[in-house]
Structure formats: structure tokens, C-alpha cells
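Enquirer: Quick note: the sequence shown uses our numbering, first residue 6, plus one each step.
We put the CB at the ideal spot given by N, CA and C, even for glycine.
Following this message is one structure expressed as C-alpha cells.
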Amino acid sequence: MPINYYEILNCHPSDTIEEIKKSYQALVLKHHPDKQNTTGDRNVLQLFYQIDEAWKMLRDPEQRKKYDAEMQQHRFNDEPIVYAKIYRKDFEFDADSQSNLYPCRCGGYFVLPDDCIESSDCDNGVADSSIDENCGENDEVYIECDECSFVVQLLRNQNTNR
Ligand SMILES: [Zn+2]
């Protein structure tokens with residue numbers, strides 16, 4: 006796993022460059038070695054250099070793009086923490102958000118992607134397998150919690166005999 010520059014800068018991959026810059030400037034002020042009472046503290050210096058390094062990487066749109074892609078790659082290469090293995094029918098439709106939700110223990114929710122909804126209704130024999138292909142029926146589908154880093158694995162519908 007590469008260093009998470011977003012984490013160091015206290016921001017998110019979806020943040021704009023302005024937001025990241027603001028966060029960086031606040032952190033630099035806070036952690037600048039000149040402002041610390043403990044001169045020469047290695048941890049303080051290290052953190053300061055990390056903040057600086059993170060900003061130098063993310064401020065350049067080209068570098069940031071490359072970095073984002075790399076992070077994405079690693080996210081999928083790493084074994085996700087599978088919180089539960091569930092079926093589409095385990096999701097409950099939430100009228101407020103108009104989406105299918107499965108509760109996470111952190112209080113957040115796993116949201117069933119729209120493109121995975123259709124195939125739960127295709128047991129009538131009319132729908133063909135093309136829908137399932139769109140849903141990644143042949144792949145393992147993982148859904149991330151919207152609050153924490155837990156992941157649920159979406160299993161194929163057991164009751165579907167085709
Ligand atoms: Zn969660």
C-alpha cells in the first residue's frame with residue numbers, strides 16, 4: 006500500500022485542490038518545526054516532511070491523477086475486509102434515499118449499486134443472462150460501507166436456477 010497522502014493531509018480523494026491546499030496550509034502552520042517547542046523531535050520533523058511530500062504530490066494534477074490510479078489499483082489488489090456475505094434480497098429498500106440498503110455495524114450503510122438491482126427480478130424466465138453480465142454475475146461484487154472501510158460481498162442469488 007502506498008502512503009495515503011490524503012490521510013496525511015486530512016482530506017479526501019474527492020476534495021478539490023483548493024480544499025486540499027487549505028488543509029495543507031493549516032497543517033503546515035500547526036506542525037511547522039519552528040513552531041514546536043521540542044526542537045529536533047524526529048517525529049515532528051517526519052510528520053512535517055510527510056505533509057510537505059503529500060502536498061507536492063497532490064498539487065500537480067497529472068501526478069495526482071497517477072497517484073489516484075495507483076491507490077485505486079492497490080485498493081482492489083488488497084483483500085478487502087469482508088463484513089458479511091449477503092444476497093440481493095438481504096438489502097432493504099429505503100424510501101428516503103430511494104436505494105437498497107444493508108446496515109453496517111458502524112451505523113452506516115452498504116448501498117446496492119443500481120446496476121445490480123435488475124437481475125433480482127429476472128426469475129420469470131423472460132430476462133436473459135445479459136442483465137446478469139452487466140451486474141458482474143461472473144465476478145465477485147464487493148460493496149463498501151458509506152461510513153467505514155467494511156465491505157460486503159454480494160453473492161449470486163442461490164434460488165435462481167437457470
Ligand atoms: Zn460501516
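#1: So does F155 have its beta carbon nearer than 7 Å to some heavy atom of ligand 1?
#2: Helix, strand or coil, according to DSSP, for F155 in the structure here?
#3: Rounding to the nearest angstrom, what Cα-Cα distance links G113 and E152 in this structure?
#4: Among the candidates P108, C111, S102 and I148, whose CA atom is the shortest distance from the CA of C121?
#5: At which residues does the alpha helix (DSSP H) containing E24 begin and terminate?
#6: Using a Cβ-Cβ cut-off of 8 Å (strictly less than) and excluding sequence neighbours within five positions of R110, which residues of its own chain qualify?
#7: With the cut-off set at 8 Å, would you say I13 and A59 are in Cβ contact?
#8: Can you tell which of D119, Y10 and I22 has the C-alpha that lies nearest to the C-alpha of P66?
#9: Which residues does DSSP list as the beta-bridge partners of D97?
#10: Is there at least one non-hydrogen atom of ligand 1 closer than 7 Å to the beta-carbon of E152?
#11: DSSP three-state call for I148: helix, strand or coil?
#12: Between C16 and ligand 1, is there a pair consisting of the residue's CB and a ligand heavy atom that are separated by less than 7 Å?
#13: Can you say whether E138 is buried or exposed, counting buried as having 16 or more other CB atoms within 10 angstroms of its CB?
#14: In whole angstroms, give me the CA-to-CA distance for C16 and P38.
#15: Going by DSSP, what residues sit across from F53 in a beta bridge?
#16: Relative to ligand 1, is the shortest distance from any of its heavy atoms to the C-beta of C121 smaller than 7 Å?
Expert: For this structure:
#1: Position 150 of the sequence shown, counted from the start, is the residue given in the question as residue 155. Yes - ligand 1 has a heavy atom lying nearer than 7 Å to the Cβ of F155.
#2: In the sequence shown, residue 155 corresponds to position 150, counting from 1. Coil.
#3: To locate residue 113, count along the sequence shown from 1; it is residue 108. To locate residue 152, count along the sequence shown from 1; it is residue 147. The straight-line gap separating the alpha-carbon atoms of G113 and E152 is approximately 5 Å.
#4: Walking along the sequence shown from the start, residue 121 turns up at place 116. Ranking P108, C111, S102 and I148 by Cα distance to C121 puts I148 first.
#5: The residue given as residue 24 occupies position 19 in the sequence shown. Where E24 is concerned, the enclosing alpha helix (DSSP H) stretches over I22 to H36.
#6: Within the sequence shown, residue 110 is the residue found at index 105, counting from 1. Result list for R110: Y88 and F155, in chain order.
#7: For the purposes of this step, residue 13 is taken as residue 8 along the sequence shown, with counting starting at 1. For the purposes of this step, residue 59 is taken as residue 54 along the sequence shown, with counting starting at 1. In contact: I13 and A59 (Cβ atoms closer than 8 Å).
#8: Here residue 66 refers to the residue found at position 61 of the sequence shown. The closest CA to that of P66, considering only D119, Y10 and I22, is found on I22.
#9: Taking the sequence shown and counting its residues from 1, the one referred to as residue 97 is at position 92. Note on residue identity: the sequence assigns Glu, not Asp, to residue 97. According to DSSP, which records beta bridges pairwise, E97 is partnered with L106.
#10: Residue mapping note: residue 152 aligns to position 147 of the sequence shown, counting from 1. It does: the Cβ of E152 is within 7 Å (strictly closer) of some heavy atom of ligand 1.
#11: Translated into the one-based positions of the sequence shown, residue 148 becomes position 143. Correct three-state label for I148: strand.
#12: Residue mapping note: residue 16 aligns to position 11 of the sequence shown, counting from 1. Every heavy atom of ligand 1 is 7 Å or more from the Cβ of C16, so no.
#13: The residue given as residue 138 occupies position 133 in the sequence shown. Caution is warranted here: a pLDDT of 45 is assigned to E138, below 50, making its placement in the model unreliable, and no coordinate value can be reported.
#14: Residue mapping note: residue 16 aligns to position 11 of the sequence shown, counting from 1. Residue mapping note: residue 38 aligns to position 33 of the sequence shown, counting from 1. Straight-line Cα distance between these residues: approximately 22 Å.
#15: Along the sequence shown, one-based indexing puts residue 53 at 48. According to DSSP, F53 bridges with nothing at all.
#16: Locating residue 121 in the sequence shown gives position 116, where the first residue counts as 1. When distances are taken from the beta-carbon of C121 to the heavy atoms of ligand 1, even the shortest one reaches 7 Å or more.
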